[in-house]
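Trainee: The opening position of the sequence shown corresponds to residue 1 in UniProt numbering, with each subsequent residue numbered one higher. Glycine included, C-beta positions come from ideal geometry on N, C-alpha and C. Owing to the predicted nature of the structure, the values given are computational and were not obtained by experimental measurement. One structure coming up, written as structure tokens, with questions to follow.
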Amino acid sequence: MKVSLEWLKSYVDIDCSVDELVDKLTMSGTKVEGYEKRLENIKNVVVGKILEISLHPHNQNLFVCKVDIKDKILTIITAAKNVKEGLYVPVAKPGAVLENGKTIDVLEFKGILSEGMLCSLEELGLTRGEFPYADENGIFILEGMDDSMIGNDIKIALGIDDVIIDFEITSNRPDCLSIVGIAREIAAILNKPLKFPNVSFKETDELIKNYIDNIEIQDKKICRRYIGRVIKNIKIEQSPLWLRRRLVACGIRPINNIVDVTNYVMLEMGQPLHAFDLNKICGRNVFVRLASDGEKIITLDGVERVLRSSDIVIADENRAIAVAGVMGGLDTEVDESTKVVLLESATFNPAMVRRTARYLGLRTEASNRFEKGLSPYFAELAIQRACALIEQIGAGEIVKGAVDTYVDPWQQVEVKADFSYIEKLLGLRIEKDEVVNILSRLEIKYDEVKDVFIAPPFRTDIEDMADISEEVIRIYGYDKLPSRVFMGSAISSGLTQKQKIVNNIKIFLANSGYYEIYSYSFESPKVYEILKGYNLDDAVKILNPLGEDFSIMRMQLMSSVLKTVYLNISRNIKDVKVFELSTVFKKSNKKLPHEKLVLAIGSSAQDFYSLKGVLENLFDMLRIKDVKFSSQHQNSNLHPTRSAKIYTEESFLIGYIGEVHPDILERFDIPVRVVYAELFIDELLEAEKEEKRYVQLPKYPAIERDYAFVVPDDVESRVIEEIFKKYSSDILEEFRLFDVYKGQQIKQGFKSYAYRAVFRSKLKTLSDSDINQIQEKILDELKNYNISLRE
Numbered sequence: 001m002k003v004s005l006e007w008l009k010s011y012v013d014i015d016c017s018v019d020e021l022v023d024k025l026t027m028s029g030t031k032v033e034g035y036e037k038r039l040e041n042i043k044n045v046v047v048g049k050i051l052e053i054s055l056h057p058h059n060q061n062l063f064v065c066k067v068d069i070k071d072k073i074l075t076i077i078t079a080a081k082n083v084k085e086g087l088y089v090p091v092a093k094p095g096a097v098l099e100n101g102k103t104i105d106v107l108e109f110k111g112i113l114s115e116g117m118l119c120s121l122e123e124l125g126l127t128r129g130e131f132p133y134a135d136e137n138g139i140f141i142l143e144g145m146d147d148s149m150i151g152n153d154i155k156i157a158l159g160i161d162d163v164i165i166d167f168e169i170t171s172n173r174p175d176c177l178s179i180v181g182i183a184r185e186i187a188a189i190l191n192k193p194l195k196f197p198n199v200s201f202k203e204t205d206e207l208i209k210n211y212i213d214n215i216e217i218q219d220k221k222i223c224r225r226y227i228g229r230v231i232k233n234i235k236i237e238q239s240p241l242w243l244r245r246r247l248v249a250c251g252i253r254p255i256n257n258i259v260d261v262t263n264y265v266m267l268e269m270g271q272p273l274h275a276f277d278l279n280k281i282c283g284r285n286v287f288v289r290l291a292s293d294g295e296k297i298i299t300l301d302g303v304e305r306v307l308r309s310s311d312i313v314i315a316d317e318n319r320a321i322a323v324a325g326v327m328g329g330l331d332t333e334v335d336e337s338t339k340v341v342l343l344e345s346a347t348f349n350p351a352m353v354r355r356t357a358r359y360l361g362l363r364t365e366a367s368n369r370f371e372k373g374l375s376p377y378f379a380e381l382a383i384q385r386a387c388a389l390i391e392q393i394g395a396g397e398i399v400k401g402a403v404d405t406y407v408d409p410w411q412q413v414e415v416k417a418d419f420s421y422i423e424k425l426l427g428l429r430i431e432k433d434e435v436v437n438i439l440s441r442l443e444i445k446y447d448e449v450k451d452v453f454i455a456p457p458f459r460t461d462i463e464d465m466a467d468i469s470e471e472v473i474r475i476y477g478y479d480k481l482p483s484r485v486f487m488g489s490a491i492s493s494g495l496t497q498k499q500k501i502v503n504n505i506k507i508f509l510a511n512s513g514y515y516e517i518y519s520y521s522f523e524s525p526k527v528y529e530i531l532k533g534y535n536l537d538d539a540v541k542i543l544n545p546l547g548e549d550f551s552i553m554r555m556q557l558m559s560s561v562l563k564t565v566y567l568n569i570s571r572n573i574k575d576v577k578v579f580e581l582s583t584v585f586k587k588s589n590k591k592l593p594h595e596k597l598v599l600a601i602g603s604s605a606q607d608f609y610s611l612k613g614v615l616e617n618l619f620d621m622l623r624i625k626d627v628k629f630s631s632q633h634q635n636s637n638l639h640p641t642r643s644a645k646i647y648t649e650e651s652f653l654i655g656y657i658g659e660v661h662p663d664i665l666e667r668f669d670i671p672v673r674v675v676y677a678e679l680f681i682d683e684l685l686e687a688e689k690e691e692k693r694y695v696q697l698p699k700y701p702a703i704e705r706d707y708a709f710v711v712p713d714d715v716e717s718r719v720i721e722e723i724f725k726k727y728s729s730d731i732l733e734e735f736r737l738f739d740v741y742k743g744q745q746i747k748q749g750f751k752s753y754a755y756r757a758v759f760r761s762k763l764k765t766l767s768d769s770d771i772n773q774i775q776e777k778i779l780d781e782l783k784n785y786n787i788s789l790r791e
């Protein structure tokens, strides 16, 4: 959540630096993600006044302006058509820097020097949302200025010399999703008084019953409280500059004064509001109910939404007019013709709002706050504040009375006081008076008669003495907790053998050009509509999922790497090489979660053999004995003719490799070939290892020979490899497949395999005749498989 420091200072006196404030907030549990000075890049841009304008003598499209910047008068040339004598404008002096980083120099325009530049809105990094009177295509003409402002820094003159602080608000603190909530925290930390916003206003003599009869809530489970107020004699216009500026600083686009007030109060008080054009509502009653299955509404963004029976709506006597807690309806939108407004302030069921927002794909500022669970206490304060602001800016008159349907009232939370518990839990003695003082700054009252702490209505997270103790220490200071040196001996056990091997695997793959990824261990059941061979009944379900997309523990890792490949390919990365070493979960697996290593290459330029070579080198590094690759039909997620199972001599399965099935790539929207390998970590570690032996460096030279064989399609490469080893194992140092070809030069039903063989004897220098004798035996046996040398 982004918060304006200038706005915060309206409610609490902040007398420390931004860095100190950020540190204090973070140490007290209100985490700050970072902060930025608004328009920090702008330097040496000041307010100037145009004194004279003349046409450029050599270019009739340019104007030569004499501009007063207080300490001197500059000559500045511009092509903007909206400049006039006497206007106040932003002037970038020589050496000035604009928001986009551009530096302004003295430039010559056909014999006349231009000593700076007159700036537009865009060049200052500003928008028409803040300054709707500004010309989009010309110089930014400053309104509300006088000669006393000449020479002033533009940021100070416009009131935009502000710092924006970005907070990470946890789900248990919805009260901090507001300017007042953050100001309350700062006031407690700095021990300063909180200046609460004005919520008083005058009402007309006319009663609300002249406009609306009743607001009915169908079920208290969907809405605890709904307050409606009527504003008449509405004057729709742009909001005052101070209000627009604060909205823009917090990332909200100004629209009109009524809508801006509702957004302003939401940011300030943390309670979303909504304004309906009352004349567009059918009848004199408003209903908070569940939608009918298939019920439709056009929301403010102009999109027709189809609702479910679990979605809460606000309705008139004929149709839904808003999706509760998410977005209003277009039919009752406040626009320039609006004369009477029904103002809504309500407390909706947080879980239902969250599900609706997710279903509709509409995560709004309002839904974000409702999802956290708001106290009904906020509803009344917020609507009062909105009425006060509407009166303050002259946008309308507040009709007397409110319709307040309060079906599930807030219950005061009292916690039995136990000061000794605080000392016991914290290991620190804090005097009783100090505890009471700290808690009072957080508006947690201590009732001496009852000996209880009373949680304020906006603190829905306080339930017991543990919560009270936490409030005390975070304001008192975690840094004041005593530190104790651990007494005793600690013995480091080091890494297990498995951990060492896993680390070596990761280092090897990283050195081979692969990037390790980490992904969530939970996923959506919908994944298994794409991937085959998995039974959803075997999935481990999460009892309290964040949503359907995170409702089960994953049973495979393929979807994670495919999503990563898609993400990188979509960002125009040509070759993607990734791996993940993680766990998968199944009910049927009675042991610990099963660990797998998966690798993937997403590239048009690399194929099955690229990844196979990496795996062979990995197996060599791990010294796994006699690894074989053989065609497979068990893994239906891989291409049926471009995949293999990986096993050892004793038919011990350790994984799969192959191209991902084209149907799956299409569903993941991946436009390139993806080669994928999956290894079972436990099986990999259990596989028989070759003994580590030290051998003498070779004394005799090697002979290299390349072979190209024409092989039937149904014969695997391993057949040729095994025959070569059978007849030349004592001198065959290396035998490697380096090319596979299938095309016009090879007859149908056959393919070409090309190998490189390296022969070397430990006893003598080999001759060609030695190799030829062995070669003849090999070729004779290969004929039994209809394999021949390629001509």
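Taking only the alpha-carbon atoms, compute the straight-line gap between residue 594 and residue 645 and give it to the nearest angstrom.
Mentor: As a position in the sequence shown, residue 594 is number 594, starting the count at 1. As a position in the sequence shown, residue 645 is number 645, starting the count at 1. Taking C-alpha positions only, residue 594 is separated from residue 645 by approximately 19 angstroms.
Trainee: So if DSSP puts residue 436 in a beta bridge, which residue, or which two residues, is it bridged to?
Mentor: Taking the first residue of the sequence shown as 1, we reach residue 436 at position 436. Answer is none; residue 436 lacks a bridge partner.
Trainee: What is the DSSP secondary structure of residue 627, counted as helix, strand or coil?
Mentor: For the purposes of this step, residue 627 is taken as residue 627 along the sequence shown, with counting starting at 1. Three-state result, residue 627: coil.
Trainee: With 16 as the cutoff for other CB atoms within 10 Å, does residue 65 come out buried or exposed?
Mentor: Locating residue 65 in the sequence shown gives position 65, counting from the first residue. By the neighbour-count criterion, in which 16 or more other beta carbons inside 10 Å mark a residue as buried, residue 65 falls on the buried side.
Trainee: For the segment 204-234, list the beta strand (DSSP E) runs that are entirely contained and at least 3 residues long, ordered along the chain.
Mentor: 214-217, 223-232
Trainee: Can you find the residues in the same chain that come closer than 8 angstroms, C-beta to C-beta, to residue 732, ignoring five residues on each side of it along the sequence?
Mentor: Counting from 1 along the sequence shown, the entry for residue 732 is found at position 732. So the list reads 724, 725, 757, 758, 759, once near-sequence residues are dropped.
Trainee: For residue 609, which three-state DSSP category applies?
Mentor: Mapped onto the sequence shown, residue 609 falls at position 609. In this structure, residue 609 counts as helix in the three-state DSSP scheme.
Trainee: Check whether the Cβ atoms of residue 297 and residue 251 lie closer than 8 angstroms to each other.
Mentor: Here residue 297 is taken as the residue at index 297 of the sequence shown, counted from 1. Here residue 251 is taken as the residue at index 251 of the sequence shown, counted from 1. No. Outside cutoff.
Trainee: Which word fits residue 556, buried or exposed, when buried means at least 16 other C-beta atoms lie within 10 angstroms of its C-beta?
Mentor: Stepping through the sequence shown from its first residue, residue 556 is reached at position 556. Residue environment: residue 556 is assigned as buried (16 or more neighbouring CB atoms within 10 Å of its CB, all protein chains considered).
Trainee: Could you tell me the distance, in whole angstroms, from the CA atom of residue 735 to the CA atom of residue 579?
Mentor: Taking the sequence shown and counting its residues from 1, one reaches residue 735 at position 735. Taking the sequence shown and counting its residues from 1, one reaches residue 579 at position 579. When rounded, the distance between both Cα atoms is 28 angstroms.
Trainee: Are there 16 or more other CB atoms within 10 angstroms of the CB of residue 687, so buried, or fewer, so exposed?
Mentor: On the sequence shown, residue 687 is found 687 positions in, with the first residue counted as 1. Flag for residue 687 reads buried.
Trainee: Would you give the residue range spanned by the beta strand (DSSP E) that residue 275 belongs to?
Mentor: Taking the sequence shown and counting its residues from 1, the one referred to as residue 275 is at position 275. It spans 273-277 - the beta strand (DSSP E) in which residue 275 sits, taken as one unbroken run.
Trainee: Name, in chain order, the residues that DSSP records as bridge partners for residue 659.
Mentor: What you label residue 659 is simply residue 659 of the sequence shown in a count that begins at 1. The partner list for residue 659 (beta bridge, DSSP) reads 675.
Trainee: Indicate the three-state DSSP secondary structure (helix, strand or coil) for residue 585 in the structure shown.
Mentor: If you number the sequence shown from 1, residue 585 lands on position 585. Correct three-state label for residue 585: coil.
Trainee: I'd like to know whether the C-beta atoms of residue 178 and residue 268 end up nearer to each other than 8 angstroms.
Mentor: Position 178 of the sequence shown holds residue 178. Position 268 of the sequence shown holds residue 268. Going by C-beta atoms, residue 178 is nearer than 8 angstroms to residue 268.
Trainee: Drop a sphere of 10 angstroms on the beta-carbon of residue 851, count the other beta-carbons inside from all chains shown, and report buried for 16 or more, exposed for fewer.
Mentor: Residue 851 lies beyond the residue range present for the chain, which begins at 1 and ends at 791; the question has no answer from this structure.
Trainee: State the CB to CB distance for the pair residue 118 and residue 139, rounded to an integer number of angstroms; the pair is presumed to be in contact (CB under 8 angstroms).
Mentor: Residue 118 sits at position 118 when you count from the first residue of the sequence shown. Residue 139 sits at position 139 when you count from the first residue of the sequence shown. Going by Cβ atoms, the distance from residue 118 to residue 139 rounds to 5 angstroms, so yes, they are a contact pair.
Trainee: Our contact map puts residue 792 next to residue 751 with C-beta atoms below 8 angstroms; I'd like the distance itself, whole angstroms only.
Mentor: The chain is shown only over 1 to 791; residue 792 falls outside these bounds and no answer can be derived.
Trainee: Taking Cβ positions, are residue 413 and residue 462 nearer each other than 8 angstroms?
Mentor: As a first step, residue 413 is located in the sequence shown; it is residue number 413 there, counting from the start. As a first step, residue 462 is located in the sequence shown; it is residue number 462 there, counting from the start. Yes. Within cutoff.
Trainee: For residue 284, collect the residues of the same chain with a Cβ closer than 7 angstroms to its Cβ; drop the 5 residues on either side in sequence, then sort them by chain order.
Mentor: Residue mapping note: residue 284 aligns to position 284 of the sequence shown, counting from 1. Excluding residues within five positions, the ones whose Cβ falls inside 7 angstroms are 212, 213.
Trainee: If you run the structure through DSSP and keep just helix, strand and coil, what is residue 443?
Mentor: Reading the sequence shown from its first residue, position 443 is the one you call residue 443. In the structure shown, residue 443 sits in coil (DSSP, three-state: anything other than H, G, I, E or B).
Trainee: Measuring alpha carbon to alpha carbon, tell me which residue in 79, 771, 707, 194 is nearest residue 740.
Mentor: Walking along the sequence shown from the start, residue 740 turns up at place 740. Of the residues 79, 771, 707, 194, the one whose Cα lies closest to the Cα of residue 740 is 707.
Trainee: I'd like the span of the alpha helix (DSSP H) that includes residue 389, first residue to last.
Mentor: Against the sequence shown, residue 389 aligns to sequence position 389. 377-392 is the extent of the alpha helix (DSSP H) around residue 389.
Trainee: If you follow the beta strand (DSSP E) that residue 505 is part of, which residue opens it and which one closes it?
Mentor: As a first step, residue 505 is located in the sequence shown; it is residue number 505 there, counting from the start. Per DSSP, residue 505 belongs to no beta strand (DSSP E); it is in the alpha helix (DSSP H), 497-511.
Trainee: What are the complete beta strand (DSSP E) segments, minimum 3 residues, inside the UniProt domain "FDX-ACB" (698-790)?
Mentor: Along the UniProt domain "FDX-ACB" (698-790), the beta strand (DSSP E) occurs as fully enclosed runs of 3 or more residues at 703-712, 732-741, 750-759, listed in sequence order.
Trainee: Give me, in chain order, the residues of the same chain whose beta-carbon lies closer than 6 angstroms to that of residue 614; leave out the 5 immediate sequence neighbours on both sides.
Mentor: To locate residue 614, count along the sequence shown from 1; it is residue 614. Cβ within range, chain order: 512.
Trainee: Measuring only the C-alpha atoms, how far is residue 82 from residue 49?
Mentor: Here residue 82 refers to the residue found at position 82 when the sequence shown is read from its first residue. Here residue 49 refers to the residue found at position 49 when the sequence shown is read from its first residue. Cα to Cα, residue 82 sits roughly 14 angstroms from residue 49.
Trainee: Could you tell me if residue 788 is buried or exposed, where buried requires 16 or more neighbouring beta carbons within 10 angstroms of its beta carbon?
Mentor: Looking up residue 788 in the sequence shown gives position 788. Residue 788 comes out exposed.
Trainee: Check the C-beta distance from residue 11 over to residue 22 and give it rounded, since I have them as a contact under 8 angstroms.
Mentor: Here residue 11 is taken as the residue at index 11 of the sequence shown, counted from 1. Here residue 22 is taken as the residue at index 22 of the sequence shown, counted from 1. Contact flag wrong, Cβ pair sits at about 18 angstroms.
Trainee: Quick check on the burial criterion: 16 or more other C-beta atoms within 10 angstroms. Buried or exposed for residue 676?
Mentor: Against the sequence shown, residue 676 aligns to sequence position 676. Flag for residue 676 reads buried.
Trainee: Counting pairs of beta carbons, one from the segment 647-659 and one from the segment 568-586, are three or more of them closer than 8 angstroms?
Mentor: no
Trainee: Between the Cα of residue 763 and the Cα atoms of 754, 738, 730, 775, which residue gives the shortest distance?
Mentor: If you number the sequence shown from 1, residue 763 lands on position 763. Among 754, 738, 730, 775, the Cα nearest to that of residue 763 belongs to 730.
Trainee: Expressed to the nearest angstrom, what Euclidean distance is found between the alpha-carbon atoms of residue 217 and residue 468?
Mentor: Numbered from 1 along the sequence shown, position 217 holds the residue referred to as residue 217. Numbered from 1 along the sequence shown, position 468 holds the residue referred to as residue 468. C-alpha separation (whole angstroms): 35 angstroms.
Trainee: What are the boundary residues of the alpha helix (DSSP H) that residue 24 is part of?
Mentor: Here residue 24 corresponds to residue number 24 of the sequence shown, with the count starting at 1. Here the alpha helix (DSSP H) through residue 24 covers 18-27.
Trainee: Quick one: residues in its chain with C-beta nearer than 8 angstroms to the C-beta of residue 648, no 5 flanking neighbours on either side, listed in chain order?
Mentor: Position 648 of the sequence shown, counted from the start, is the residue given in the question as residue 648. Around residue 648: 624, 625, 626, 627, 628, 654, 687, 688.
Trainee: Please report the residue range of the beta strand (DSSP E) in which residue 75 lies.
Mentor: To locate residue 75, count along the sequence shown from 1; it is residue 75. Start and end: 73-78.
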